[in-house]
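The structure appears right after this line, and notes come after that.
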Amino acid sequence: MAPRTNDGEPERERPASLPAATAPVTETASGEAPEAAPEDAEDTADASDTEGSRAAGSAGEAGEAGEAGETPEPAAAPDADADRVAAVRRVAAAGRRWRSVQLGACAAMLAVGLTAGAIALGSVRDGGATPVAATAALSPGLLAGADLSTGIASLQAHLRDQPRDFGGWATLGLAYVEQARTQGDPSRYPQAEQALERSVALRPDNDQALAGRAALAAARHEFGAALAHADRALKQNPYNERALCSRIDALVELGRYEEASAAARTADERRPGVPVFTRYAYVHELRGDVTTARRVLDQALAASTTPGDIAYVATQLGQLAWNQGAYDTALTHYARALAADENYLPALEGRARAQAASGRRAEAIQGLENVVARFPLPGPLVELGELYEARGGEGDAAKAKAQYRLVDAWTALARANGVNADLDTALAAADHGDRAAALRAARAEWDRRRTVHTADALAWALHVDGKDDEALPYARQATATGYGNAALLYHRGVIERATGHPDEARTHLTAALKLNPGFSVLGAREARSALKTLEAAK
């Protein structure tokens, strides 16, 4: 299972979702910025984050209910999820009516504050030039809107008139990072890099661009560089929210969990809010403290007012519930997320996963087909392929292979645009591709960072390559923090069985199925089979 990320959260310095891509503004030799390139023809109005770095479920396929371990919650009726979404929308609409006047007044005050900030920063002299503030480029209403293509077009127009706006270039760079991540299109990362370089060239130590570089490095899975950029940004501005969050992310993805916990506490002291709350929760979940993680996410949801924040936090709660085998609770959270944003891809993927785990595989397949048709990312591609395999109908084997081949295509595209995709490669290829390539990728990723997820990927790649004795220490390390993840427990149990530790194997296979009996449609089936064999051999 791939680690869960906070990549889907709305940024605080750009619009919340990412429609059609546009080319970056590039200054000509005369110093003028050319006209913005036309938008791509593809329809991306439904864009949202589905990158698999910590999304609770790149291996979140469904399993069969009712065998070995706790029985999943009862399956909902076919229209239950639609009813959930409709009910949440009715309640939310009532709440919005009384909040609208208050929010309007706050927006007006924010607009005044941002305009004043722009005037103040615009008067700063830098080597005879006049950099201006990023806030001059976008209005508060546009920043809170759902149409990022409009925001990018506005920024491009602004930067043609004000090509020395270092803040505007930083904001544009962050917008491209989000466009790449939410559309699953790594080709946008070079555009983001170009815009951020322009910002740094204009003002080398501006914290906006440095924080943007941290976000870009994290999106490319260059977590050491992300940490360095975040630290530089925080040296300039200790309260930069994006830098504070990127620093937590980098430490988590480097496996430095104690430091990540300290960084989360610091961020909570300096900039409490939804982005920090969700990261604080994940740090606790990794250490096995699900109670605190759930409580913090509940607080984050209570503090959420925008549709983007509500969709994001409710999906995080859904992922946490699914990871604990509470499928009906997960579906309720996904319904709330989709009531806020009906096209939020992580919620659509999570709902399909919970449906499959509840025995509603036809709905799950239909949902995942919809997701991968727009955004063919490794996690949902593997999930859909395994559901095809489990269904076993005419043509399903070919359909499954087609999904796995698309993972290879995405990996090639990612690497061509500077993304380190070794973890994605290792996880998918170990079960459905080139086992030797999976092992090479897992070893390379382990050399770069030591996390529970890279330990698990290396252990499993070694196992499928027949190196179980070498795999066992990594499998044990993957579960050492207390992180409750059924896929990791399953992998450890299988490896313990292969290395002649039947008692330990029974313990961990049973724990996996008790925690989340539908963690994987194929993995759960194999876990039950292995347990039956172990019991028979007693």
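Per my numbering, the sequence shown starts with residue 10, numbered consecutively. Think of the CB as a built atom: it goes at the ideal place given N, C-alpha and C, for glycine as much as any other residue. In this text the structure is predicted, and so the values were computed from the model without any measurement.
Could you say which of the options lies nearest to residue i if we only look at CA atoms?
i	options	result
A470	N429, I504, A489	I504
V322	D214, P284, P213	P284
V380	R369, R362, A366, G368	R362
A348	P316, L329, W331	P316
Q635	G221, V473, D194	Because the chain is modelled from 10 through 547, residue 635 falls outside the range shown and cannot be assessed.
A210	T314, E544, A365, A179	A179
L467	T434, S367, R197, H441	T434
G334	L168, L522, K541	L522
P195	E206, A226, A166	A226
G327	I319, D318, T314, T341	T341
A366	N332, A162, K547, N494	N332
T488	T275, L377, L168, L518	L518
Q308	A290, E294, L295, R296	A290
G401	I319, R370, A272	R370
A418	A451, G404, L390	L390
N2	A252, E351, L377, G297	Any answer about residue 2 is impossible in this case: the structure gives the chain only from 10 up to 547.
R197	D465, D512, A184, R207	A184
T314	A330, H441, R345	R345
Q188	D337, Q217, W455, S158	S158
F384	R190, H167, D240, Y413	R190
V186	P172, D174, A201, R173	A201
L310	A271, G282, N525, E479	G282
F528	G368, H238, L306, D170	G368
On the criterion of 16 or more Cβ atoms from any shown chain inside 10 Å, does residue i qualify as buried, or is it exposed?
i	result
R304	exposed
Y248	exposed
A142	Because A142 carries a pLDDT of 31, less than 50, the predicted location of this residue cannot be relied on, and no value is offered for it.
P387	buried
L243	buried
Q375	exposed
T287	buried
G176	buried
G160	buried
D214	exposed
A445	exposed
D443	exposed
G532	buried
G491	exposed
V100	Any answer about V100 is weak, because its pLDDT of 48 lies below 50 and its placement is not dependable; what the coordinates show is given next. Under this definition V100 is an exposed residue.
K541	exposed
L147	Residue placement at L147 cannot be trusted, given a pLDDT of 34 that sits under 50; what the coordinates show is reported in the next sentence. By the 10 Å Cβ count, L147 comes out buried.
T300	exposed
E278	exposed
E398	buried
A545	exposed
E395	buried
G509	exposed
D440	buried
E392	buried
D465	buried
D478	exposed
E294	buried
T14	Reliability of the predicted coordinates at T14 is poor, the pLDDT of 49 falling under 50, and the value obtained from them is presented with this limitation in mind. Counting Cβ neighbours within 10 Å, T14 comes out buried, since at least 16 surround it.
A312	exposed
D456	exposed
A382	exposed
G404	exposed
G182	buried
D216	buried
G359	buried
D512	exposed
Answer yes or no: the CB of residue i versus the heavy atoms of the ligand MG, is any distance below 7 Å?
i	result
N525	You won't find the ligand MG in this model; it holds no ligand whatsoever.
Inside the region 310–377 only - alpha helix (DSSP H) runs reaching at least 4 residues: 316–332, 336–349, 354–366
Touching by the beta-carbon criterion (3+ pairs, under 8 Å), the region 492–510 and the region 522–537: yes
Contained alpha helix (DSSP H) runs [length at least 4] in the region 486–540, N- to C-terminal order: 495–507, 511–524
At least three beta-carbon pairs within less than 8 Å, the region 397–410 to the region 424–431: no
At least 3 beta-carbon pairs within less than 8 Å: the region 460–468 vs the region 256–274: Contact between the region 460–468 and the region 256–274 is present, because at least three Cβ pairs lie under 8 Å.
Touching by the beta-carbon criterion (3+ pairs, under 8 Å), the region 253–261 and the region 232–240: Contact holds: three or more Cβ-Cβ distances are below 8 Å.
Runs of alpha helix (DSSP H) lying entirely within the region 435–467, each at least 4 residues, in chain order: Listed in chain order, the complete alpha helix (DSSP H) runs (minimum 4 residues) inside the region 435–467 are 444–457.
Contained alpha helix (DSSP H) runs [length at least 4] in the region 217–262, N- to C-terminal order: 232–245, 250–262
Length at least 4, wholly inside the region 377–419: the alpha helix (DSSP H) runs in chain order: Complete alpha helix (DSSP H) runs here, min 4: 387–400.
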